[in-house]
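Residue numbers (my numbering): 483 to 1026.
Built from N, CA and C at the ideal position, the CB exists for glycine as well.
Note that this is a predicted model, so its numbers are computed, not measured.
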Amino acid sequence: MTDSDSMLSTIRYNVLFESVDESLLQSILGALQEVHYEAGHVIFKEGSEGDCLFLLLSGTVKISKCTSSGGELVVGILRDGDFFGELDLIDERLRSASAVADSACALIRLPKTEFRTLRHSSPEFSSNLLRMLSLKLRAGNLTYLAREESNLEALQSQLQKVHKLVEATKIVNSTLDTDRLLELILQTATTMVQADRGTLYLVDESKNELWSKVVQGSSTIEIRLPLGKGIAGYVAVSGETLNIPDAYADRRFNPEVDRRSGYRTKTILCMPMKNKDGKVIGVFQLLNKPGGSFTEEDQEFIDALSVHAAIAVENALLAKMMVQNERLSTVGKMASTIIHDIKAPMGVLRMSAEVMKRKSTDKETGKLADEMIRQIDRFVNMTREILDFSRGVSSMNIQETEVDELIGSILSFIEKDMGKRKVKLVKEMNFKGQIRVDEDKLSRVFYNIASNAADAMPDGGHLTVRTNRDNDFLLIEFIDDGIGMPPEVREKIFEPFMTYGKSYGTGLGMSIVKKIVDDHKGKIEIESALRKGTTVRVYLPLGA
């Protein structure tokens, strides 16, 4: 079989040449040319002059147009038996689209002159051409409608995202209460991306830690972890997003948390919360999206939410700081005035007590004089401590001391006060050893906690003070059987000016306690429930 016979056989079975007179086909064979292109080859460009029609023998060809924005709109992908380039020959205009070999392909070129000959000489060719153009037009309409429907769905989806973000923004800007704000932000994040649960951490730069509040049983406790440790710690330091499809396959995941809680972590989306300057101020950690991993759409939403959340958090913290600073300034001025006014009379009282102690031969009188001196010093130091706290001043006199001797001495004085208030003090000293602390400030911690415990037991009760070693910490527990605290009070107990169940006091006691514990690089926890008493745990580092 000659090349002409092969070419004739090829085009005869193409729908465009169906029923066309064979003699007419024979007359154009010499002008037909078989060409081959590799993938990516530009067959013709949009805007170029049309000089031939192409029949696609094998492979695929992409037809595309340039959009007004400079992008590419794919009109269609052509396959074996399709033809293209005919419209430019019919209307004698420039190419309205580009044709590029999508894969290696073989084509037959039908020049413009022979195309015109077939149109004018063969009604069958013209009919086939018209029918195929009609089919192409219908297919094009369907493609256009499908694309428009897809665009509409995409637009609706985008509008839904914007609506979700607007609603989320309204929620996170609805309060200046820090705890409530963090709760709302986390609730919004977990709901919008359909996470089973999650945690929102904030960065504590002063301690190089992440902290958050989580519900544990009937209590809300504060959890802390070092920056750089675990998945959340890594994100806080790196600023990267981690979308983990299998938590147990990631070496940064700590399965011990699951073992303790009984929860099974599967998927994790952990993202930084950055402020307007790009600084990481918190971390979202969202767990277990139903049906699989978290999506790119989830990441985009949390990324957008975090911008608004960061602004809301910083505004809330700033507002809180401004209010506290104003109130602390007032308290500081008052404390300064009190110290100035009482310095002279207290000095006289102390000197009188010392004289009484020296001149007295009665042991009981000597003890009373010692107690007077101790209480005068305690009162002056307490007032000075309030003044220092209001000014943000912190001075420490760290000394090494025996734990049982120090705590025993402090408790012996507290026990007298507890006895007057019908509170039985139970001592359980299970630790012997040395620790480096500021003795006066630690005494203040004991007095404040014990005083609060006694206030919670107006009709009397029991206060147990217990010491134990907890890894590298001295654990001191204060356990009372008083009225307890509701969750909303317990969560804010360390905030300045927070009082509960009493009409006296500055509300700075527990704030000062926490400051002292923090200055010792320790930590403090409170567990409490109404009518079930309160347990305060103070952890102080050993060997610090």
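Restricting to Cα atoms, I'd like to know which of the options is closest to residue i.
i: residue 529; options: 573, 577 and 683; result: 577
i: residue 963; options: 533, 615, 946 and 951; result: 946
i: residue 939; options: 780, 707 and 1016; result: 1016
i: residue 896; options: 728, 857, 914 and 831; result: 857
i: residue 628; options: 582, 594, 581 and 557; result: 557
i: residue 893; options: 688, 611 and 931; result: 931
i: residue 973; options: 955, 1011, 951 and 623; result: 1011
i: residue 797; options: 659, 890, 911 and 880; result: 659
i: residue 960; options: 575, 976, 929 and 611; result: 929
i: residue 1022; options: 966, 831 and 1000; result: 1000
i: residue 784; options: 965, 565 and 674; result: 674
i: residue 661; options: 523, 969 and 1014; result: 969
i: residue 1014; options: 944, 904, 965 and 510; result: 965
i: residue 914; options: 908, 957 and 1009; result: 957
i: residue 737; options: 886, 759, 721 and 713; result: 713
i: residue 903; options: 944, 850 and 921; result: 944
Within 10 angstroms of the Cβ of residue i, are there 16 or more other Cβ atoms? Answer buried if so, exposed if not.
i: residue 483; result: Legend: pLDDT at residue 483 = 42, less than 50; position of this residue unreliable, value from coordinates given subsequently. Exposed, by the Cβ-count rule.
i: residue 495; result: exposed
i: residue 545; result: buried
i: residue 705; result: exposed
i: residue 690; result: exposed
i: residue 679; result: exposed
i: residue 549; result: exposed
i: residue 900; result: buried
i: residue 621; result: exposed
i: residue 877; result: exposed
i: residue 1002; result: buried
i: residue 672; result: buried
i: residue 619; result: exposed
i: residue 910; result: exposed
i: residue 580; result: buried
Just how far apart, CA to CA, sit residue i and residue j?
i: residue 761; j: residue 719; result: 10 Å
i: residue 489; j: residue 539; result: 11 Å
i: residue 685; j: residue 666; result: 18 Å
i: residue 562; j: residue 625; result: 20 Å
i: residue 953; j: residue 926; result: 25 Å
i: residue 725; j: residue 992; result: 40 Å
i: residue 735; j: residue 750; result: 10 Å
i: residue 676; j: residue 747; result: 15 Å
i: residue 590; j: residue 514; result: 7 Å
i: residue 852; j: residue 937; result: 26 Å
i: residue 617; j: residue 569; result: 14 Å
i: residue 883; j: residue 918; result: 6 Å
i: residue 971; j: residue 710; result: 32 Å
i: residue 855; j: residue 942; result: 28 Å
i: residue 923; j: residue 787; result: 43 Å
i: residue 525; j: residue 612; result: 24 Å
i: residue 566; j: residue 594; result: 13 Å
i: residue 493; j: residue 542; result: 18 Å
i: residue 723; j: residue 1006; result: 32 Å
Since residue i is in the beta strand (DSSP E), which residue starts that stretch and which ends it?
i: residue 927; result: Here residue 927 belongs to no beta strand (DSSP E); instead the alpha helix (DSSP H) covers 921-937.
i: residue 459; result: Outside the displayed range of the chain (483 to 1026) lies residue 459, so it cannot be described from this structure.
i: residue 948; result: 943-952
i: residue 541; result: Run containing residue 541: none; DSSP gives neither H nor E here.
i: residue 763; result: 762-769
What span of residues does the alpha helix (DSSP H) with residue i cover, start to end?
i: residue 714; result: 712-720
i: residue 900; result: 885-902
i: residue 667; result: 660-674
i: residue 969; result: 969-972
i: residue 568; result: 568-572
i: residue 507; result: 504-510
i: residue 741; result: 738-743
Counting only beta-carbon atoms, is residue i nearer than 8 Å to chain B?
i: residue 608; result: Structure shown: chain B not included; a single protein chain is present.
Can we say the stretch 782-800 touches the stretch 732-748, given the rule of at least three CB pairs closer than 8 Å?
-> no
If we count Cβ pairs, one from each stretch, closer than 8 Å, do we get three or more for the stretch 502-511 versus the stretch 594-602?
-> yes
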